[in-house]
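For the sequence shown, the numbering used here assigns the number 1467 to the initial residue and increments by one for each residue that follows. Below: the structure, in structure tokens.
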Amino acid sequence: MPEIKGKFITIEGGEGVGKSVFSSALRDHLESNGRKIVMSHEPGGTPLADAIRNLFKNPPENDDILPETELFLISAARAQHIGCKIVPAMEQGKWVLCDRFADSTRVYQGAMGGIPSDQLEKVILSSLKGLKPDLTFLLDCDPDIAIKRIEVRSLGGQNDSDRYDSASRDWHYRLRKAWLEIADRFPERIHILNANQPPHDVLRDAVKVLAEFGV
Ligand code: TMP
């Protein structure tokens, strides 16, 4: 792999935890400190990867998508995203902020979807080309607060037709538990932020982490 000069920061968490607002605030903060930022998201991030995202999020009716199918679709999109967008940006010294990445696959297709970890990690690894986030922010939120935010978002019409948004309360609790287990697995990389707080307080905590990280 050519010399990489930029950084790769991922932003993860369950549904309704405030990732979009946080990502924009973090971008503004980093840009005001002179960093060149590229924003991206998964699944997706390039035209081809976004076409796969659309298939993943809106599969044809009467053909339930299997966790394994999700895993391969997402991994195909990820390979394209890494090779055509993330790595080229980092080679130019830019910092890439990515809304969701491989930890989401570990949670949604692994812990929630039931794909065994050894099988899952092999597929994840084959799409990564050696890339690993320098830092991951996990937005952790009380599921009842997250559910309220999702309700407000859909009342405001800001809904990207997410099939998980209407999941049960129990599902949101299991999702949060799965996220905290992933954070336990990668403590050197994943920093948990208390996303029950207002957005400016979440950003303040992230800025402290970045300072420890030398930014
Ligand atoms: P979002 O971009 O609106 O967060 O929607 C993306 C959805 O895709 C979200 O429900 C989580 C899901 N997802 C997976 O199931 N596996 C993955 O690897 C990724 C990146 C996302």
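Don't be surprised by glycine CBs; every beta carbon is placed ideally from N, CA and C. As the structure is a prediction and not an experimental result, all values here were calculated from the model.
query, result
"Close beta carbons around His1495, own chain, < 7 Å, minus the five adjacent residues each side", "Leu1669, Val1673"
"Three-state secondary structure (DSSP) of Ile1503", "strand"
"For His1657, the residue or residues it bridges with in DSSP", "Phe1603"
"Sequence-distant residues of its chain with Cβ nearer than 6 Å to Ser1593 (five each side left out)", "Ser1541, Arg1544, Ala1545"
"Proximity winner among Leu1532, His1638, Asp1600, Leu1591, relative to Lys1614 (alpha-carbon distances)", "His1638"
"Member of Thr1535, Val1562, Glu1481 whose CA lies at the smallest distance from the CA of Cys1607", "Glu1481"
"Strand pairing of Val1562, partner residues [DSSP]", "Phe1474, Val1504"
"Helix, strand or coil at Gly1549 according to DSSP, with G and I counted as helix", "helix"
"Under the three-state DSSP convention, the category Gly1576 falls into", "helix"
"Which listed residue (Ala1568, Asn1528, Pro1533) has its alpha carbon closest to that of His1547", "Ala1568"
"Counted within 10 angstroms of its Cβ, other Cβ atoms place Leu1597 as buried (16 or more) or exposed", "buried"
"Closer than 7 Å: Glu1647 CB and nearest the ligand TMP heavy atom", "no"
"Burial state of Ala1515 (16 or more Cβ within 10 Å)", "buried"
"C-beta contact flag for Phe1603 and Ile1477 at 8 Å", "yes"
"CB contact flag (Pro1599, Arg1519, <8 Å)", "no"
"Distance, Asn1662 Cα to Ile1611 Cα", "7 Å"
"Cβ contact (3+ pairs, closer than 8 Å) linking the segment 1562-1579 and the segment 1499-1513", "yes"
"Check: Pro1525 C-beta below 7 Å from any heavy atom of the ligand TMP", "no"
"Given 8 Å, three or more beta-carbon pairs between the segment 1566-1586 and the segment 1527-1540", "yes"
"Local Cβ density within 10 Å of Arg1642, reported as buried at 16 or more and exposed below that", "buried"
"With 16 other Cβ atoms within 10 Å as the buried cut-off, status of Gln1585", "exposed"
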